[in-house]
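Okay, structure first, notes after.
Residue numbers (the UniProt record's numbering), protein chains in the order written: chain Y, 1 to 504; chain A, 1 to 154.
See below:
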């Protein structure tokens with residue numbers, strides 16, 4: 001069998017290399033090939049992507065976090081720590097062999113075999129680099145989206161049982177303090193609030209985590225803290241996930257630049273833990289508050305007054321415009337303008353689902369449900385276009401989309417904004433226009449399918465939603481195929497990871 | 001790959017027939033050798049760094065090896081000091097006390113190039129033949145010669 005391994009230890013000068021040598025020796029003795037990447041103080045020589053592709057399994061003999069772990073995604077592995085590899089490499093190897101034998105046989109079609117033909121030298125383009133940074137950020141953001149989104153959706157579900165009617169509305173109106181001041185164990189309403197609030201807080205980390213781990217991909221650990229702070233500020237000024245991507249890049253490159261400065265010897269020790277995070281965080285704070293913030297305000301004001309000017313005109317074009325806006329940045333400034341426009345109008349509808357304001361709300365919600373649903377559909381019908389992690393999160397996107405949690409599509413949008421966002425917008429426009437055309441109205445500000453009783457002409461509403469979802473999913477599939485074949489894609493990805501590791 | 005101008009080890013950095021009470025004792029003696037050779041600037045400071053590392057995870061290895069080490073700002077050049085302790089001293093290895101103790105000193109700062117030599121040393125230490133030849137070496141000069149000959153950065 002063939003194995004790749006990663007070794008690392010706290011000091012990075014002894015056990016990292018002893019483990020590597022011991023594993024390679026054990027491999028030779030047992031007739032298996034083991035190639036080790038030593039992530040130690042002497043710098044690490046990244047594994048050849050072709051070697052990774054050919055490996056049957058992975059051995060993590062690492063006491064530090066494995067860098068660029070995503071390169072090994074999907075392969076069977078053992079995770080033993082560095083000391084065990086030094087002391088008992090044959091035992092570790094045996095465990096790795098057992099792990100490979102226990103793993104399900106790889107489906108021949110999906111195996112990234114084409115990588116073996118990778119040309120030996122190929123410079124990695126800027127575009128590929130950028131995509132790699134984004135992918136890293138997204139991979140760390142995903143758990144927040146999944147945990148937060150699903151908890152919110154479960155909160156909605158439970159609330160529709162707990163309250164006699166309008167549960168999905170009521171659940172958001174209960175103040176969080178209730179949970180630690182007046183919680184009743186047998187009260188379903190309280191449990192619904194607990195799920196909702198926990199999910200909402202998890203969701204709050206979405207943009208900060210994206211920003212932090214983009215910065216991490218660029219500058220390694222010193223980028224994380226400034227990236228988190230930048231992402232939080234991006235959220236505060238209403239810049240959404242696109243703002244978070246911007247702060248991630250700013251934090252990453254400022255930290256990287258600082259890390260490459262020559263500094264006096266006594267100073268070096270405190271560079272990564274104090275100086276770089278401090279200076280970078282300050283720079284990111286200044287840039288986000290003073291440079292990113294003001295345009296957000298301008299966008300908000302400009303679009304809001306423009307939208308207000310459109311009221312009184314034809315409804316179908318308005319629905320199309322709102323649909324485009326909802327899907328443009330998924331919770332960012334443009335999306336927010338459309339959403340706030342709809343929710344502030346609701347007061348005037350006074351509970352009448354036939355009122356213009358209620359129809360605006362219906363169009364906005366329907367369009368906002370399209371991106372996650374389109375992703376869910378695209379990943380289930382054309383799985384090979386997506387990574388395994390994307391296919392998995394595509395499944396939960398069904399639930400998030402159904403609950404009008406547009407953010408469920410952010411991981412896909414952030415990883416590939418130029419292909420994904422226009423695809424979402426096309427579907428959003430279709431659904432927004434159709435919802436207006438069929439005359440659906442909604443007197444609740446959120447809730448997705450959980451507020452169906454509050455939607456007038458619900459069947460046609462769902463039809464409009466389905467139409468936009470199908471159109472958008474088609475657009476996603478087509479866009480994914482533009483400019484590259486799937487095989488090149490796999491090759492790009494692995495090579496860029498290697499190049500990235502080498503650039504550190 | 002640039003070879004450091006100073007060799008990793010000289011005969012002055014090898015102590016034979018050491019009798020030591022515990023791992024701190026033997027480490028201190030090796031640190032003193034490094035200080036005397038001008039490779040470590042502050043004995044107490046470096047010792048503290050080594051102890052901190054040792055506290056994280058004992059460095060004893062099967063085969064009678066103790067391997068205290070640290071990256072430290074008090075180290076000027078990558079260095080190895082060796083003590084042969086016939087009576088043995090406990091380094092937390094599962095199979096008993098260490099009779100051969102390697103103290104690895106790495107500078108905290110500087111490029112990765114000159115750390116390659118220490119990586120090469122660590123890789124050699126895993127080989128039983130290397131350890132055996134050091135166990136059997138009769139004197140300090142032989143120990144230094146074996147290390148210099150065998151530890152070549154790849």
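No residue lacks a Cβ here, since even glycine has one placed at the ideal position from N, Cα and C. Please read these numbers as outputs of a predicted model, since none were measured by experiment.
query                                                                                                                                                                      : result
Could you check which residue in 172/Y, 228/Y, 69/Y, 1/Y has the C-alpha nearest to that of residue 55/Y?                                                                  : 1/Y
Count the C-beta pairs between the region 81-91 of chain Y and the region 6-15 of chain Y that are closer than 8 Å, then say yes if the count reaches three, no if not.    : yes
Tell me whether the beta-carbon of residue 353/Y lies closer than 7 Å to the beta-carbon of residue 472/Y.                                                                 : no
Taking Cβ positions only, does residue 121/Y come closer than 7 Å to chain A?                                                                                              : The predicted position of residue 121/Y is uncertain, since its pLDDT is 32 and thus under 50; a value taken from the coordinates is nonetheless stated next. So, not an interface residue.
Mind checking if residue 51/A is an interface residue toward chain Y, Cβ cutoff 7 Å exclusive?                                                                             : no
What does residue 2/Y pair with, by DSSP beta-bridge criteria?                                                                                                             : 33/Y
Just to make sure I have the definition right: I need the residues of chain A whose C-beta is within less than 8 Å of the C-beta of residue 446/Y. Which are they?         : Here the premise fails: no neighbours, minimum Cβ distance about 50 Å.
Could you check the C-alpha separation between residue 75/Y and residue 58/Y for me, to the nearest Å?                                                                     : 7 Å
What does a CB cutoff of less than 8 Å around residue 337/Y pick up in its chain, not counting 5 residues either side in sequence?                                         : 299, 300, 303, 304, 307, 325
Measuring only between beta-carbons, confirm whether residue 149/A sits less than 7 Å from chain Y.                                                                        : no
What's the C-alpha gap between residue 49/A and residue 72/A?                                                                                                              : 6 Å
Quick one: measure Cβ to Cβ for residue 49/Y and residue 37/Y, integer angstroms, because I've assumed they're closer than 8 Å.                                            : Actually they are not in contact, since the Cβ atoms of residue 49/Y and residue 37/Y sit about 12 Å apart, beyond 8 Å.
How is residue 271/Y classed by DSSP in three states: helix, strand or coil?                                                                                               : helix
Taking its Cβ as the centre, do 16 or more other Cβ atoms sit within 10 Å of residue 328/Y, making it buried, or is it exposed?                                            : buried
Quick one: grab the DSSP three-state call for residue 71/A.                                                                                                                : strand
Does the beta-carbon distance from residue 396/Y to residue 214/Y come in below 7 Å?                                                                                       : no
What are the start and end residues of the alpha helix (DSSP H) that includes residue 86/Y?                                                                                : 82-87
State the CB to CB distance for the pair residue 124/A and residue 150/A, rounded to an integer number of angstroms; the pair is presumed to be in contact (CB under 8 Å). : 5 Å
Report the option in 77/A, 70/A, 152/A, 102/A whose CA atom is closest to the CA atom of residue 83/A.                                                                     : 102/A
List the residues of chain A that residue 18/Y touches, going by C-beta distances under 9 Å, in chain order.                                                               : 61, 67, 122, 123, 125, 126
Please identify the residue among 402/Y, 411/Y, 364/Y whose C-alpha is closest to the C-alpha of residue 441/Y.                                                            : 364/Y
According to DSSP, which residues form a beta bridge with residue 455/Y?                                                                                                   : 442/Y
How far does the beta strand (DSSP E) with residue 157/A in it extend, from its first residue to its last?                                                                 : Missing from the structure shown is residue 157/A; chain A here goes from 1 to 154 and no further.
Relative to the alpha-carbon of residue 56/A, which residue among 65/A, 92/A, 6/A has its alpha-carbon at the smallest distance?                                           : 92/A
When the Cα atoms are used, what is the spatial distance from residue 157/Y to residue 289/Y?                                                                              : 38 Å
Taking the runs of the alpha helix (DSSP H) that are 4 residues or longer, which of them lie wholly in the region 317-397 of chain Y?                                      : 333-349, 356-381
At a Cβ threshold of 7 Å, is residue 134/A touching chain Y?                                                                                                               : no
Ends of the beta strand (DSSP E) at residue 75/Y?                                                                                                                          : Careful: residue 75/Y lies outside any beta strand (DSSP E) and carries neither H nor E.
Please name the residue, chosen from 40/Y, 404/Y, 87/Y, that lies closest to residue 65/Y on a Cα-to-Cα basis.                                                             : 40/Y
Hey, is residue 250/Y's beta-carbon within less than 7 Å of any beta-carbon in chain A?                                                                                    : no
Measuring only between beta-carbons, confirm whether residue 131/A sits less than 7 Å from chain Y.                                                                        : no
So is residue 11/Y in contact with chain A if we call contact Cβ pairs under 7 Å?                                                                                          : yes
In the DSSP assignment, what are the bridge partners of residue 65/A?                                                                                                      : 61/A, 100/A
Return the bridge partner residues of residue 211/Y from the DSSP annotation.                                                                                              : Its beta-bridge partners do not exist; DSSP assigns none.
Taking the alpha helix (DSSP H) that residue 263/Y belongs to, which residues open and close that run?                                                                     : First-last for residue 263/Y: undefined, no H or E at that position.
Should residue 350/Y and residue 469/Y be called a contact, given that it needs their Cβ atoms to be closer than 7 Å?                                                      : no
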